[in-house]
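Engineer:
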Amino acid sequence: MAEPLRVFIVDDEGPARARLRSLLEDSAGALPNQVVGEAACGADALAALEQVVVDVVLLDIRMPGMDGMEVARQLAKLHHPPGVIFVTAYDAHAVSAFEVGARDYLLKPVRAERLLEALRRIAPVADSGTEARPAGRAITVNDRGRVLRVPLAEVLFLRAELKYVTLRTREREFVLDEPLTKLEEAFPDELLRIHRSCLVNRGQLAGFEMRRLGDENHWVALLKDWPDALPVSRRQAHVIRMFRQG
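Mapping the sequence shown onto the UniProt record's numbering, position 46 (from 1) lands on 46, and the numbers just tick up by one.
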């Protein structure tokens, strides 16, 4: 990247800030970065961030006075909000962290490779020549002990199978705890129900086709550059008419 990633550290413990500075220095060869400021509390962080432009804030959650969650909410109101990566000793706040727009959630003690991975989620935005901006609409998933945000644009479809809902991207599959109805209500403009057990991403929908399934003809949904067709239930056949008209 033409300019190093500008990083601001917020943690009430001096040794924790020093640890992050050291990790950032170690990561500079793989991803150029520069610590442009530090703060030991939320109020001081917000005051300092009004004076300096940053790409990413490494933010503790439990601090005296204003906690990290409130700092993140205030940062999100900025015209060009920085990317927020929470760095905390507690895993209980992971879901809430992504609800306030965090780009990643790291548990202390932070490993260098995980910090680098998190920074790289923000670096492409800084590379583009624009200020960092909050992540777009996404679905939060649990993945082998981590909580991740899967951008909605990457979702192909969601399908209910037994007690679980699976989310499919082009690269892999995730298991969710939330029911399809809740996801459909949360993203009514992006997700389209084609079956009682399946929602498709409208942006990934290429069209519909009549196919012979068993002894009868049935409509199936075709996704862009995806080999498998998804069955459309008779109850949801009206979506095909909507597709034709839209």
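All C-beta atoms in this analysis are idealised placements derived from N, C-alpha and C, irrespective of residue type, glycine included.
Measure the C-alpha to C-alpha separation of Leu5 and Gly37 and round it to an integer number of angstroms.
Structural biologist: As a first step, residue 5 must be located in the sequence shown, where it is residue number 5. As a first step, residue 37 must be located in the sequence shown, where it is residue number 37. Distance between the alpha carbons of Leu5 and Gly37 is about 13 Å.
Engineer: Looking at C-alpha atoms only, which residue of Ala102, Pro81, Ile9, Thr140 is the closest neighbour of Lys182?
Structural biologist: Position 182 of the sequence shown, counted from the first residue, corresponds to residue 182. Closest by alpha carbon: Thr140.
Engineer: If you drop the 5 nearest sequence neighbours on each side, which residues of the same chain put their C-beta closer than 8 Å to that of Arg120?
Structural biologist: Numbered from its first residue, the sequence shown carries residue 120 at position 120. Excluding sequence neighbours, Arg120 sits near Leu31.
Engineer: What distance in whole Å lies between the Cβ atoms of Val110 and Leu23, which are believed to be in contact at a cut-off of 8 Å?
Structural biologist: Along the sequence shown, one-based indexing puts residue 23 at 23. Along the sequence shown, one-based indexing puts residue 110 at 110. Correct: roughly 6 Å between the Cβ atoms.
Engineer: Hey, could you find the ends of the beta strand (DSSP E) Ile210 is sitting in?
Structural biologist: The count along the sequence shown starts at 1 and reaches residue 210 at position 210. Here residue 210 is Met; the residue named in the question, Ile, does not match the sequence. Start and end: 205-213.
Engineer: Given Val155, which residues of its chain have a CB within under 7 Å of its CB, disregarding the five upstream and five downstream residues?
Structural biologist: One-based indexing of the sequence shown puts residue 155 at position 155. Closer than 7 Å at the Cβ level, and outside the excluded window around Val155, lie Ile139, Leu167, Thr169, Asn201.
Engineer: When burial is assigned at 16 or more other CB atoms within 10 Å of the CB, is Ala132 buried or exposed?
Structural biologist: By 1-based counting over the sequence shown, the position of residue 132 is 132. Confidence is the limiting factor: at Ala132 the pLDDT is only 37, short of 50, which leaves the residue's position unreliable, though a coordinate-based value still follows. So Ala132 counts as buried.
Engineer: Within the segment 39-70, note down every full alpha helix (DSSP H) run reaching 4 residues or more, in order along the chain.
Structural biologist: You should have 42-49.
Engineer: Contact defined as beta carbons within less than 8 Å: I believe Leu158 pairs with Leu205. What is the distance between those atoms, to the nearest angstrom?
Structural biologist: For the purposes of this step, residue 158 is identified with residue 158 of the sequence shown, where counting begins at 1. For the purposes of this step, residue 205 is identified with residue 205 of the sequence shown, where counting begins at 1. With a Cβ gap of about 13 Å, Leu158 and Leu205 do not count as contacting.
Engineer: Flag this pair as yes or no: are the beta carbons of Pro82 and Val56 separated by less than 9 Å?
Structural biologist: Looking up residue 82 in the sequence shown gives position 82. Looking up residue 56 in the sequence shown gives position 56. Taking 9 Å as the Cβ cut-off, Pro82 and Val56 qualify as a contacting pair.
Engineer: Using a 10 Å radius around the Cβ and a threshold of 16 neighbouring Cβ atoms, would you call Tyr164 buried or exposed?
Structural biologist: The residue given as residue 164 occupies position 164 in the sequence shown. So Tyr164 ends up on the exposed side.
Engineer: Using a 10 Å radius around the Cβ and a threshold of 16 neighbouring Cβ atoms, would you call Leu223 buried or exposed?
Structural biologist: Within the sequence shown, the letter at position 223 stands for residue 223. Buried.
Engineer: At the level of alpha carbons, what is the spacing between Ile122 and Arg103?
Structural biologist: Counting from 1 along the sequence shown, the entry for residue 122 is found at position 122. Counting from 1 along the sequence shown, the entry for residue 103 is found at position 103. Spanning the two alpha carbons is a distance of roughly 8 Å.
Engineer: Based on Cα-Cα distance, which residue from Ala112, Trp226, His238 lies nearest to Trp219?
Structural biologist: Numbered from its first residue, the sequence shown carries residue 219 at position 219. It is His238 whose Cα lies nearest to the Cα of Trp219.
Engineer: With DSSP as the reference, identify every bridge partner of His218, one or two as the case may be.
Structural biologist: By one-based count along the sequence shown, residue 218 stands at place 218. Beta-bridge pairing links His218 to Arg211.
Engineer: Taking only three categories from DSSP, how would you classify Glu3?
Structural biologist: Here residue 3 is taken as the residue at index 3 of the sequence shown, counted from 1. Coil, per DSSP.
Engineer: Please work out which residues of its chain come closer than 7 Å, Cβ to Cβ, to Arg114, disregarding the five sequence neighbours upstream and downstream, and give them in chain order.
Structural biologist: Your numbering for residue 114 matches position 114 in the sequence shown. If we look at Arg114 and ignore the five residues flanking it on each side, its Cβ neighbours are Leu106.
Engineer: Give every residue of the same chain whose Cβ lies closer than 7 Å to the Cβ of Val54, excluding the five residues on either side of it in the sequence, and list them in chain order.
Structural biologist: Taking the first residue of the sequence shown as position 1, residue 54 is located at position 54. Arg6, Val7, Phe8, Val36, Pro82.
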